Every structure is written in structure tokens, then in C-alpha cells.
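Sequential numbering of the sequence shown, starting at 1, is according to UniProt numbering.
We put the CB at the ideal spot given by N, CA and C, even for glycine.
None of the values given here were measured: they were computed from a predicted structure.
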Amino acid sequence: MPYAEDQVQPVKRREQTYIVAFAVLTIIAWQTQIGTLVLMPFTLLSTWWHEMAHGLTAAALGANFQRLVIFANGSGYAEHSGGLWSVGQAIVAAAGLLGPSIAGSLMIIASRSRRATRLALLGLGAALLVTTLIWVRSIVGWVVLPLFALAALYIAARGSEKWQRISVEFLGVQGAVSVYQDFDYLFSPGGVVGGHAALSDTARIADALILPYWFWGGAITVAIVAMVWKALQVASRY
């Protein structure tokens, strides 16, 4: 048994290095024009993570999640109706930042076993298809999201154990660090979505609660780093 553990631990450490490398390289690439172009399909997937977290959280708090729109440049929005009290608005805004990282961290943890890996891929594929049918209302979303869904389902059904694990780890990283596709977003009062000026999520939290947007950007960054670090620790255990 000690011999087996000696063989397993270097492999797990190497995989952890790959996951961290995926995350760092993805964040760096998103800050460049070429990297953004190359990663555009995954940027669109990240937008889906982000906006679905907004919409589903709003629905859970009693609002009516009406539609999700994704634009070709990677921006998007989740539209919901029904008034939410100030704390509810802050929760919905925070969910768009933390929700994808929670889901991505869970996918990283799922990579520790083949059964969990396959279930994660099947779950992601099903979620992409179902949410596209119910909420997505843009051509870009109708094209890109089903392709990701079919790829996830195919890998779950026909892919080797190695490729299933790599796919889950890579997609988990995309979710976990998706908020950093625009590194300044957490520390900005707003930007442009669909040609219109819009508050950033951290600015919405600041408006609904207290303390400035940059404080909430820092707090959310710490939370995301802690989640990913913990996910890597759990994924390395047998």
C-alpha cells in the first residue's frame, strides 16, 4: 500500500500543477487580444456560467428569470422581473461572481474519481441543453452552448478516462476563473454591455449594501482563491 501511494501522489501533484497552469494561462490570455480571440468559445461559456448564476439566484429569491442573452464579443446579461429588496439585489450580483467559481471548484473536485468525472460531464451537458431551451434568447448562445453540451456528453460517453479527467479539470478551471476574463471588472464601477452602460456587479453590491466596490472586489477575489485552493486540496485526496 505505501508503494501504491508513492506512485499516486506524484501523479496528483502533477495534475494539480496542470490545473493551476490552466488557470494562470487562461487569465493571462484573456488580457490580450490574441488570447481573447483564441479563447472566445470558452469566453462565451464563461458568460453562460456568470449569467446563469445571476438568473437562477434571482429566481430562487422570487424573481422571474426571463431570458439570458450572450453577445458575440463575450458580454451578456440575464434579465429578470420582479422587485428584489436591496440585500437580494446584492446576493444576485454576488452570485454572478461567486457562482461560477463554486461550480468550477466542484468540477475540479469531481476529477478525483472516474464516476464523479463522468457525472460532472453529463450534468454539464444536460444543464447546457436545458438552459438553452428555457432561457437563452440569442443566436450566439443557440449555436455555441449546444456544441459545448454535445462535446461534454460525447466525452462522458466515449472518451477515455484520461480525457474525461482533463476535460473536467479544464472546464472546471474555466468556471472557477471566469470572472477574470476582464481582470478590471471586479475593481470597476461599470462597463458596456450590448452597447449600453451598465454597473459592474461589485458596484451593484456597493449600491445595495455599504463599503465601496473595490472592497467587494477584493473580498470576492479572496473567496475565489480560497475556493480553488480548497478544491485542489480535496481533489488530491484518495
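Item	Value
Taking just the CA atoms, how far does methionine 107 sit from asparagine 64?	28 Å
What three-state label does DSSP hand isoleucine 166 in the structure shown?	helix
Can you look up glutamine 31 in the DSSP assignment and give me helix, strand or coil?	coil
For glycine 96, name the three-state secondary structure that DSSP assigns.	helix
Spatial neighbours of glutamine 66 within its chain, please: CB distance less than 7 Å, with the 5 preceding and 5 following residues excluded, ordered by chain position.	Glu79, His80, Ser81
Once DSSP output is grouped into helix, strand and coil, what is the label at arginine 204?	helix
Quick one: what does DSSP say leucine 61 is sitting in, helix, strand or coil?	coil
Please determine, among Arg118, Thr131, Arg115, Leu44, the residue with the shortest C-alpha to C-alpha distance to glycine 55.	Thr131
In the structure shown, what three-state DSSP assignment does proline 2 receive?	With a pLDDT of 42 at proline 2, under the threshold of 50, the modelled position of this residue cannot be trusted, and the question is left open.
Determine the extent of the beta strand (DSSP E) in which alanine 78 is found, giving its start and end residues.	76-81
Nearest to alanine 21 by CA position, among Gln174, Leu97, Val222, Ser111, is which residue?	Gln174
Which term fits glutamate 51, buried or exposed, when burial requires 16 or more other beta carbons within 10 angstroms of its beta carbon?	buried
Leaving out five residues before and five after tryptophan 49 in sequence, what residues of the same chain have Cβ atoms less than 8 Å from its Cβ?	Gly99, Pro100, Ala103, Gly104, Gln174, Gly175, Ser178
With burial defined as no fewer than 16 other Cβ atoms inside 10 Å of the residue's Cβ, what is the status of arginine 165: buried or exposed?	buried
Figure out for me which residue from Ala116, Leu37, Val225, Lys230 has the closest Cα to the Cα of valine 24.	Val225
Using three-state DSSP, classify arginine 112 as helix, strand or coil.	coil
Got a sec? Which residues, its chain only, sit under 7 Å from valine 168 by beta carbon, not counting five neighbours each side?	Met107, Ala110, Ser111, Thr117, Ala120, Leu121
Bridge partners of isoleucine 210, per DSSP?	Note: isoleucine 210 sits in no beta bridge, so no partner.
I think alanine 149 touches glycine 125, with their Cβ atoms under 8 Å apart; what is that distance to the nearest whole Å?	4 Å
Alpha carbon to alpha carbon, how far is leucine 133 from alanine 223? Give it in angstroms, no decimals.	32 Å
Report the partner residues of valine 136 according to the DSSP bridge assignment.	Leu68
Taking 8 Å as the cut-off, does the region 133-144 touch the region 83-91 (at least 3 CB pairs, one atom from each stretch)?	no
With which residues is glycine 190 paired in a DSSP beta bridge?	Leu199
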